[in-house]
Amino acid sequence: MPQKVNVLGKTFELYIPESKIHEAIDRLAEQLNRDLKGKDVIFISILNGSFIFAADLYRRITVPSIITFVKLASYQGTSTTGKVKRLIGINEDIQNMTVVVLEDIIDTGVTMEYILKQLRGYEPKEIFITTMFFKKEAFVKDFPIHYVGLEIPNKFIVGYGLDYDGYGRNLKDIYVLSE
Ligand code: IMP
Ligand code: MG
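The sequence shown begins at 1395 in my numbering and counts up one residue at a time.
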């Protein structure tokens, strides 16, 4: 794997090798397979970022379950509400189900709070949050994050599904912006 990559004119350095990511996913899968036993489970993967994480994690899940993919769509609300983000793509009836949200990264937590609020409207039995990466120092919310792959410092990363302006998602390893 290259030590440095260029994404849209910026230099990024190798930060977390794919092997470390896969070890973390093995641990997550073990915890989830244990905790979700006997539950009626739907995994909800948040596009675009989490598609690679979801594919790797879900193939390690052994409990009977379904998976779906949703997206946060931005649209202009009324002048009082400003920019609104709406969750699109839930066609399944998730009422009374155990929802496991799959996210690539939680930074401030603002995005996940939107998602949580909207998911609660579907009246699931319970919601568990799973994120591959968590910037603990940047998190400003107070909801619990139940399953974390790897905690990282407050730095900008790309690769493994995460992008810089749309690019870099296809990098197998995680790279960090050079200072
Ligand atoms: P939050 O709302 O601050 O938690 O930010 C979450 C969203 O910002 C994620 O879903 C990502 O799309 C994006 N994001 C946050 N940190 C990074 C990063 O280091 N690299 C790439 N995208 C990031
Ligand atoms: Mg995202």
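The beta-carbon is built from N, C-alpha and C at its ideal position, and this holds for glycine as well.
If you drop the 5 nearest sequence neighbours on each side, which residues of the same chain put their C-beta closer than 8 angstroms to that of Asn1490?
Counting only Cβ-Cβ distances below 8 angstroms, and skipping sequence neighbours, we find Asp1434, Glu1517, Pro1518 and Lys1519.
Considering Glu1424, what are the terminal residues of the beta strand (DSSP E) in which it resides?
Element bounds for Glu1424: not the beta strand (DSSP E) but the alpha helix (DSSP H), Glu1412 to Asp1429.
Inter-residue CB distance, Gly1543 and Phe1527 (contact presumed, cutoff 8 angstroms):
Under the criterion of beta carbons closer than 8 angstroms, Gly1543 and Phe1527 qualify as touching, at roughly 6 angstroms.
Between the beta-carbon of Val1534 and the beta-carbon of Thr1492, is there less than 7 angstroms?
Contact: no.
Name the two residues that bound the continuous beta strand (DSSP E) containing Ile1482.
Note, Ile1482: beta strand (DSSP E), Lys1477 to Ile1482.
List the endpoints of the continuous beta strand (DSSP E) containing Glu1573.
Element bounds for Glu1573: n/a, residue is neither H nor E.
What's the gap between the Cα of Phe1550 and the Cα of Val1570?
Between the alpha carbons of Phe1550 and Val1570 lies a distance of about 6 angstroms.
Taking 8 angstroms as the limit between beta carbons, can you name the residues of its chain near Lys1404, skipping five residues before and five after?
Tyr1558, Leu1571 and Ser1572, listed in sequence order.
Could you tell me the alpha carbon to alpha carbon distance between Ile1461 and Asp1429, rounded to whole angstroms?
About 17 angstroms.
Exposed or buried, Gly1443, counting other C-beta atoms within 10 Å across all chains shown (16 or more means buried)?
Buried, since its Cβ has 16 or more Cβ neighbours within 10 Å.
If I measure Cβ to Cβ from Tyr1469 and keep anything under 7 angstroms in the same chain, skipping five residues before and after, which residues do I get?
Within the same chain, Tyr1469 has close Cβ partners Val1478 and Arg1480.
Continuous beta strand (DSSP E) stretch holding Asp1559: start and end
Note, Asp1559: premise wrong, no beta strand (DSSP E); not H, not E.
Test item: CB-CB of Val1355 and Ile1484 under 7 angstroms:
The requested residue 1355 does not occur in the structure, where the chain is confined to residues 1395 to 1573.
I think Leu1583 touches Tyr1541, with their Cβ atoms under 8 angstroms apart; what is that distance to the nearest whole Å?
An answer regarding residue 1583 cannot be provided, because it is not within the stretch 1395 to 1573 covered by the chain.
So, at 6 angstroms on beta carbons, what are the nonlocal neighbours of Arg1563 in its own chain, with the 5 sequence-adjacent residues on each side left out?
Its chain contains Gly1555 and Asp1557 as the residues whose beta carbon lies nearer than 6 angstroms to that of Arg1563, once the 5 sequence neighbours on both sides are disregarded; these appear in chain order.
Taking DSSP's pairing of strands, which residues face Ala1467 in a bridge?
In the DSSP assignment, Ala1467 is bridged to Arg1480.
Short Cβ contact (7 angstroms threshold) for Met1506 with Ile1499:
Not in contact: Met1506 and Ile1499 (Cβ atoms no closer than 7 angstroms).
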